[in-house]
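Note that our numbering numbers the sequence shown so that position 52 is 49, with each residue one more than the last.
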Amino acid sequence: MEKNKTTETSQSVSDYINAVSDKVKREDCFRIAELFKVQTGFDPKMWGPGIIGFGTCHYKYESGREGDMPLVAFSPRANAIVLYLSGNFDQRDELLQKFGKHKTGKGCIYIRKLDEIDEDVLINMVSLSVSHLRKLYP
């Protein structure tokens, strides 16, 4: 079976965020890291070269594919900050309606700046996503 490309590394989260050239995005990433840390109780860890994850869970799909992944994560990308939350947590659609300016993918939420979203909604979504994944992959 193919090995996961995105695994936890020993790369420094602070160094990674400090390398973000856009000052607002860099400050937003430090704030998101603090919000995720407080909400999850886990210190941030780098996953692969560009994902900042919190906690870990072991998943196993019906296909037999399995591996480890962060419970929640985010990544500063060129055009957005990508939030990696479960795509199926309770109240996801209702909370996204209150969230603010964003785009969504299957399990990803894309934001440009923190001042365009509601941080309280983000905190709630992180909590619900973690709960969902812990039930799904105990």
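Backbone N, C-alpha and C fix where the C-beta goes; we use that ideal spot for every residue, glycine too. Keep in mind it's a predicted model, so treat the numbers as computed, not measured.
Shown here for residue 86: same chain residues with a beta carbon closer than 6 Å to its own, the five before and five after excluded, namely 125, 126, 129 in chain order. Ranked by how close their Cα comes to the Cα of residue 102, the residues 58, 121, 79, 3 have 79 in first place. By the Cβ criterion, the region 108 to 126 is in contact with the region 18 to 31, since at least three pairs of Cβ atoms, one from each stretch, lie closer than 8 Å. Check the Cα spacing between residue 65 and each of 36, 45, 12, 88: the tightest is with 45. Setting aside the 5 residues that flank it on each side, residue 77 is surrounded in the same chain by 100, 107, 108, 109, each with a C-beta closer than 8 Å to its C-beta; the list follows chain order. With fewer than 16 other beta carbons inside 10 angstroms of its own, residue 133 counts as exposed. A distance below 8 Å separates the beta carbons of residue 73 and residue 17.
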